[in-house]
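Heads up: the sequence lines are chains A and B, in that order.
No gaps in the numbering here: position 151 of the first sequence is 150 in numbering that gives the first Met the number 0, and each next residue is one more.
No gaps in the numbering here: position 153 of the second sequence is 152 in numbering that gives the first Met the number 0, and each next residue is one more.
There are 2 protein chains.
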Amino acid sequence: MSDAPSRSIGAVGTIRQALAEQIGQGLLPPNGKLPAERRLSELFDTTRITLREALSQLEAEGLIYREERRGWFVSPARVRYNPLARTHFHAMVEAQGRTPATEVLQARLVPASGEVCALLALPALSKVIQIRRVRRIDGRQVLYVEHNLNPAYFPGLLELDLTRSLTELYAGEYGIRYGRVRFEITPIALAADAALALRAAAGSPALQITRVNRDQLDRIIDCDLEYWRHDAIQVSVEVPEQTE
Amino acid sequence: MSDAPSRSIGAVGTIRQALAEQIGQGLLPPNGKLPAERRLSELFDTTRITLREALSQLEAEGLIYREERRGWFVSPARVRYNPLARTHFHAMVEAQGRTPATEVLQARLVPASGEVCALLALPALSKVIQIRRVRRIDGRQVLYVEHNLNPAYFPGLLELDLTRSLTELYAGEYGIRYGRVRFEITPIALAADAALALRAAAGSPALQITRVNRDQLDRIIDCDLEYWRHDAIQVSVEVPEQTE
DNA sequence: GCTCCATTTTGGACTAGACCAGATTGACGA
DNA sequence: TCGTCAATCTGGTCTAGTCCAAAATGGAGC
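Right under this line is the structure:
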């Protein structure tokens, strides 16, 4: 898009371009594993440190990703995500020709953290229903979510099948539909717990999306703390209509 | 927020925590420069490579940032940014008690790129008014923007003072106000041109925000390609009201 | 065919340097 | 006082390894 730098790009740049080109040509399929670091460093006739520097840059660009102690893989295309849309994860992913999956890690009633109390506008030390889940796209863990529900609106929810979409549960069991939404997006590094769930290295680049959801009566019903692998999504917000 | 890992965190982790703690305590002021890498590596009794690994992690977390060949600095607090709001950059920054500044790099009539044509819904090879600017907060370059305006709506704009807010120019000179907005947020690595303008290293983590703006008559008037230093902002979207 | 265990492979972390080029700085002269 | 230039400092890049622990693998035994 701009003029090419005339000066040499160095070994790291060479490796980066070579791998990027191979990926672009489709020679390395999405989610395919790259050769071992040692093998690649031989291939490019360099040290592992230099090679890893190049891999890190490709990771930052979102072309490849790493699974902790498991190796490097080619990033599939990003999924478009509109936090304002009321469709649930499965519908959104399937609409884009991909295969979603959800795994429940924990579901329990706990004292809310200070942050969550503030988001839900609850008094200090309130209890909330906390649900932790990992979401996959085409088998790859891309999203770690912590849902925090105001228990007043969802009696007996912990007895239900939480593998189902929460959106469906809300509507089917409680007659609650999503209304207004507020959300915040912050680029961060993955903390240990989220990293573990995503099979990523702690400190990996990620996108934190915090949502506060209201129902059709404008009551705050829950908040989600989402942690996305940074190469997995493209947030796309289209406001249907805007009133003055 | 979760249980601490019991196993040793290693040298990198130790350095990370030590620096994070010093920054948290305010011993290193925002935008203050860290000691030279060699000095820090002596201080922590390790090699520069290991030290740089720790600095990179802190960079990923958004605690520190780097200026190309100039050193490492402490990141100031993030600025909240609502891409749906119609306030301009200066107003937004000042409202948060910070000092904004804008610099115009280029302003000219050029053939639009394919991407820009698509965003503006213009036929191929259309000309657009391209304005490239760098925005600062408290002296630090945080945003590189490329505005692309449909020239049909802005005759003679290139003769005007472009240091002023575009929002003001639109309203004052052309009677055009912002209406509906669509935007996309993607975590990327900085390309060479944006990196240069932001005094960052090419490949640094960044947030790309692409906006397509319409006026009060719902005509597409321009699109912005924004590149933010990833530690500088927190995107915060509050939808005022939502119609079905 | 399946489980379990030992071996091998692989990524994670770290050491101890070197060389280069851009940025900073301070001394010198106009 | 100010601008120029040279010395110095500093980050950017790279070499050539080592040690460790987790993951993958493949074979033995049931």
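We put the beta carbon where it would ideally sit given N, CA and C, even for glycine.
| Item | Value |
| --- | --- |
| Option in B:Pro99, B:Glu20 and B:Ala231 with minimal Cα separation from B:Ser164 | B:Pro99 |
| Contact check, B:Gly178 vs B:Arg213, beta carbons under 7 Å | yes |
| Under 7 Å between C-beta atoms of B:Phe153 and B:Pro82 | no |
| The stretch 124–141 of chain B contacting the stretch 197–204 of chain B, beta-carbon criterion three pairs below 8 Å | yes |
| DSSP beta-bridge partners of A:Phe182 | A:Arg210 and B:Val236 |
| Residue-level contact to chain A via CB, B:Gln95, 7 Å cutoff | no |
| B:Ala134 in three-state terms, based on DSSP | Strictly speaking, residue 134 of chain B in this sequence is Arg, with Ala absent from that position. Here B:Arg134 sits in strand by DSSP. |
| Spatial neighbours of B:Ser1 in its chain, beta-carbon cut-off 7 Å, leaving aside the 5 residues before and after | Note that B:Ser1 scores 36 on pLDDT, short of 50, meaning its location in the model is unreliable; the coordinates nonetheless yield the value given after this. Once the five neighbours on either side are set aside, B:Ser1 has no close Cβ partner at all. |
| Chain B within 7 Å of A:Glu237, Cβ atoms only | yes |
| Touch test, the stretch 51–70 of chain A against the stretch 18–25 of chain A, Cβ-Cβ under 8 Å, three pairs minimum | yes |
| Distance between beta carbons of B:Val180 and A:Val238, contact taken as under 8 Å | 7 Å |
| Burial state of A:Leu124 (16 or more Cβ within 10 Å) | exposed |
| Strand pairing of A:Glu140, partner residues [DSSP] | The displayed chain sequence assigns Gln, not Glu, to residue 140 of chain A. Answer is A:Arg135. |
| 7 Å Cβ cutoff, B:Gly202 in contact with chain A | yes |
| Within chain A, partners of B:Phe153 - CB distance below 9 Å | Simply none; closest approach about 23 Å. |
| DSSP-derived helix/strand/coil call for B:Leu159 | coil |
| A:Ala19: first and last residue of the uninterrupted alpha helix (DSSP H) it sits in | Gly9 to Gly23 |
| Contact belief for A:Pro245 with A:Val73 at Cβ below 8 Å, rounded distance in angstroms | With chain A running from 0 to 243 in the structure shown, residue 245 of chain A is simply not present. |
| CB contact below 7 Å: A:Leu224 versus chain B | no |
| CB of B:Arg14 within 7 Å of CB of B:Ala59, strictly | Correcting the residue type first, residue 14 of chain B is Ile in the shown sequence and not Arg. Going by C-beta atoms, B:Ile14 is not nearer than 7 Å to B:Ala59. |
| The stretch 219–228 of chain B / the stretch 201–209 of chain B touching (three or more Cβ pairs under 8 Å) | yes |
| Between the CA atoms of A:Ile187 and B:Asp221 - distance to the nearest angstrom | 30 Å |
| Contact with chain B by A:Gln233, beta-carbon distance below 7 Å | yes |
| Chain-ordered neighbours of B:Pro186 on chain A, where CB pairs are closer than 8 Å | Gly61, Pro186, Pro204, Leu206, His229 and Asp230 |
| Residues of its chain near B:Pro110, where Cβ-Cβ distance is below 7 Å and the 5 sequence neighbours each way are ignored | Leu124 and Lys126 |
| Burial state of B:Glu145 (16 or more Cβ within 10 Å) | buried |
| Integer-rounded CB distance, given that A:Ile184 should sit under 8 Å from A:Val234 | 6 Å |
| Interface flag, A:Glu102 vs chain B, CB-CB below 7 Å | no |
| Inter-residue spacing [alpha-carbon to alpha-carbon] between B:Leu108 and B:Leu156 | 10 Å |
| Beta-carbon neighbours of A:Ile48, restricted to chain B and to distances below 8 Å | Ile48 |
| Where the alpha helix (DSSP H) containing A:Ile48 begins and where it ends | Arg47 to Glu60 |
| Cutoff 7 Å: A:Glu183 Cβ touching any chain B Cβ | yes |
| With 16 other Cβ atoms within 10 Å as the buried cut-off, status of B:Ser5 | Because the pLDDT at B:Ser5 is just 39, under 50, the model does not fix this residue reliably, and the value given afterwards should be weighed accordingly. Per the 10 Å Cβ criterion, exposed. |
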